[in-house]
Amino acid sequence: MKILRLILGDQLNIKHSWFKETNEDVIYCLFEMRQETDYVKHHIQKVIGFFAAMRQFSEVLKAQGHSVEYLNINDKENNQSLIANLSFLIKLHNIKCFEYISPDEYRLDKQLSDFCEDLDKETAVVSAEHFYTERKDLATFFKGKKQYLMENFYRDMRKKHNILMVAGQPEGGKWNYDKSNRNKWKGDVPIPDYLLFKNDVSEVIKDIETAGIKTIGRFDNKTFPYPINRSQTLKQLKYFCENLLVHFGDYQDAMHTNEEYLFHSRLSFAMNIKLISPKDVVTTVMNYYRKHGDDINISQVEGFVRQIIGWREYMRGMYWTFMPEYKTKNELDNHNKLPDFFWTGDTKMNCLSKTINNSLDNGYAHHIQRLMITGNYALLTQTHPDEVDAWYLGVYVDAIEWVQLTNTRGMSQFADGGKIATKPYVSSGSYINKMSNYCVDCHYNKSKKTEDDACPFNSLYWNFLDDKREQLGKNFRMGMMYSLLDKMNKQVLQSIKKKAQHIIKHQDDY
Ligand code: FAD
Ligand code: SF4
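Residues in the sequence shown are numbered consecutively from 237, following the working numbering.
Structure below.
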């Protein structure tokens, strides 16, 4: 019986049980499609990365003896949509059974389950064999609880998987070393050269140009720097353990004009397309720590483990608990547009200019840049979450909806009314100054509020709190900020609001 098995572009898991044995009745298929390149405008490096990794993956499968149907973006037979391509291959090979790996995106999950319902063939869906948790585990864990606190989920994960635990208690005596993860990087702790791969992607670029795919962002050096196969991913992980883990936690929240990556792992793209599983990543890091524990503080390791077994699994669980409604949430009733400078980096605000230019140059910004610079600004300027989502989903090489949406609409924009974050992640210029050197060379003055050269974040911050009093005034974590706002002289507040409204109206002049 001929079986067709679909592998989506983010399902490049060579360890999947599907590939353990070869079977001449099984045909694997992978498609480069306009359906996927065009549902949002992606960064050029994101499209390149996906196509390059998919092409390599199909070669690995073939070398292992599997049959593969690979449709290149410009192939004549390519119908450019998932369903049309599947229908074409089913007919061509007289397929009797269609199987697919459970997709992580709601959109594709629905498309494939609808397709199978109408298909007059045997069908089967199998696990991606990637995550620690199943789709609905988080909903079960929080059933009957009022709040979906990540910390509770994370502690449960630590216990369940026996990670950093000693006799049922957290190793080192604390669950969380978040407070030691807030150092400013001042250049005194050296950062080793980054491991940047030199993947020749000239063929892929040519194909993208021939297809006329519209993209955003920049790509100057013509070699793709992130891992696109398993062996590169393992090298990247080893490099992280040997060079960056030692300070990962310390400088997790730091930002610097000259250092785009600081001590971050840059593993998100590889992990999200499943070149490596989170279990493999955590096990490797833990083994390294066990061997080199004298040189590495537990706070560095706990900080890293928390991101993977905590935040990453939590975000996926929240996505599957609340989709599809989650995608329409706008609890703060924000309606403005993003300014043009999000696509050019052309702004006098140094923090935004650096973060946006990093994003446009590398398809990357680290977590605090995404949260406290671009995300903070978009929220303070009361931007519609649809606008913010489209930008984040497009601009980062690691952006796939299950992890982008929950981080952007939830954690960063508070559009879910506080399901993911217990308070909005907003700040004035003082936080940015505390965690970075951006303000030193900025056109604006971090300490001023209303003058021509005042830092825009300062007036935007107080204006936001004042505008959103109805939705946020009763949030217990905002109490201190609202009592400061209440004590503010009314005239001063009026001039701050006037300034903020001017900024919101003329964002591209700032
Ligand atoms: P490191 O700092 O080295 O962290 C290690 C790993 O932990 C990451 O590779 C990632 O897999 C995981 N991780 C860390 N933080 C998170 C988090 N909040 N949620 C889920 N996983 C996390 N991450 C994505 O993978 N794709 C996205 O589209 C995405 N969009 C984001 C949008 C916003 C507004 C924000 C605030 C965060 C977003 N993140 C996203 C989370 C985080 O910023 C990235 O995972 C991280 O910057 C990737 O770089 P890294 O691999 O060097 O991470
Ligand atoms: Fe950003 Fe304001 Fe600092 Fe300039 S002064 S870098 S705008 S926070």
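By construction, the Cβ of each residue, glycine as well, lies at the ideal position given by its N, Cα and C atoms.
All values reported here derive from a predicted model rather than from experimental measurement.
If you draw a straight line from the alpha carbon of Leu473 to that of Ser513, how long is it in whole angstroms?
12 angstroms
On the DSSP letters alone, give me the boundaries of the alpha helix (DSSP H) that Ser294 sits inside.
Ile280 to Ala299
Same chain, Cβ closer than 8 angstroms to Arg454, neighbours up to 5 away in sequence not counted:
Ile280, Leu596 and Asp597
Complete runs of the alpha helix (DSSP H) confined to the region 618-649 [at least 4 residues]
621-631 and 637-641
Looking at Asn259 and the ligand SF4, is the gap between the Cβ and the nearest heavy atom below 8 angstroms?
no
Can you tell which of His620, Trp638 and Asn259 has its C-alpha closest to the C-alpha of Phe650?
His620
Check the C-beta distance from His183 over to Lys510 and give it rounded, since I have them as a contact under 8 angstroms.
Residue numbering for the chain in the displayed model covers 237 to 746; residue 183 lies beyond these limits and cannot be assessed.
Indicate the three-state DSSP secondary structure (helix, strand or coil) for Pro406 in the structure shown.
strand
Would you say Met716 touches the ligand FAD, meaning its beta carbon is less than 8 angstroms from a heavy atom?
no
Taking 9 angstroms as the threshold (C-beta atoms), are Tyr661 and Ile668 in contact?
no
Is Phe578 near the ligand SF4 - that is, is its Cβ less than 8 angstroms away from at least one heavy atom of it?
no
Near Phe578, what residues of its chain come up, given a Cβ to Cβ distance below 7 angstroms and the 5 sequence neighbours on each side ignored?
Ile592 and Trp627
Beta-carbon spacing of Leu374, Gly654 below 9 angstroms
no
For Asn612, which option in Pro692, Thr557, Tyr632 and Met559 has the closest C-alpha, if you only look at C-alpha atoms?
Pro692
Exposed or buried, Lys327, counting other C-beta atoms within 10 Å across all chains shown (16 or more means buried)?
exposed
Beta carbon of Gly423: closer than 8 angstroms to some heavy atom of the ligand FAD?
no
Is the number of C-beta pairs between the region 414-424 and the region 480-497 that are closer than 8 angstroms three or more?
yes
Would you call Val440 buried or exposed, if buried means 16 or more other Cβ atoms sit within 10 Å of its Cβ?
buried
Buried/exposed call for Asp652, threshold 16 Cβ in 10 Å
buried
Looking at Ala626 and the ligand FAD, is the gap between the Cβ and the nearest heavy atom below 8 angstroms?
no
In three-state terms, what does DSSP make of Ala364?
coil
Just verifying my parser: in three-state terms, what is the DSSP assignment at His492?
strand
Assuming contact is defined by CB atoms lying nearer than 9 angstroms, are Val541 and Leu400 in contact in what I supplied?
yes
Exposure of Phe700, with buried meaning 16 or more beta-carbon neighbours within 10 Å
buried
Give the DSSP bridge partners of Cys265, in chain order.
Leu242 and Glu305
Below 9 angstroms between beta carbons: does that hold for Asn315 and Asn308?
no
Once DSSP output is grouped into helix, strand and coil, what is the label at Asn310?
coil
With DSSP as the reference, identify every bridge partner of Glu756, one or two as the case may be.
Past the boundaries of the shown model lies residue 756; the chain is included only from 237 to 746, so the question cannot be answered.
Option in Lys346, Leu432 and Phe460 with minimal Cα separation from Ala288:
Phe460
Determine the contact status of Asp634 and Ser467, defining contact as a CB-CB distance below 9 angstroms.
no
Quick one: give me the first and last residue of the alpha helix (DSSP H) that Gln333 is part of.
A small fix is needed here, since residue 333 is Cys in this sequence, not Gln. Not the alpha helix (DSSP H): Cys333 falls in the beta strand (DSSP E), residues Cys333 to Ile337.
Any residue with its Cβ nearer than 6 angstroms to a heavy atom of the ligand SF4 should be included. What is that list in chain order?
Met585, Asn586, Cys587, Gly665, Ile668, Asn669, Tyr674, Cys675, Cys678, Tyr680, Lys682, Cys691, Pro692 and Phe693
Below 6 angstroms CB to CB, which residues in the same chain sit around Phe293 once its five sequence neighbours on both sides are set aside?
Leu248
Between Phe650 and the ligand FAD, is there a pair consisting of the residue's CB and a ligand heavy atom that are separated by less than 8 angstroms?
no
Going by the C-beta, is Trp556 closer than 8 angstroms to any heavy atom of the ligand FAD?
no
Per-residue DSSP class, three states only, for Thr223
The structure shown does not extend to residue 223, since the chain spans only 237 to 746, so no value can be given for it.
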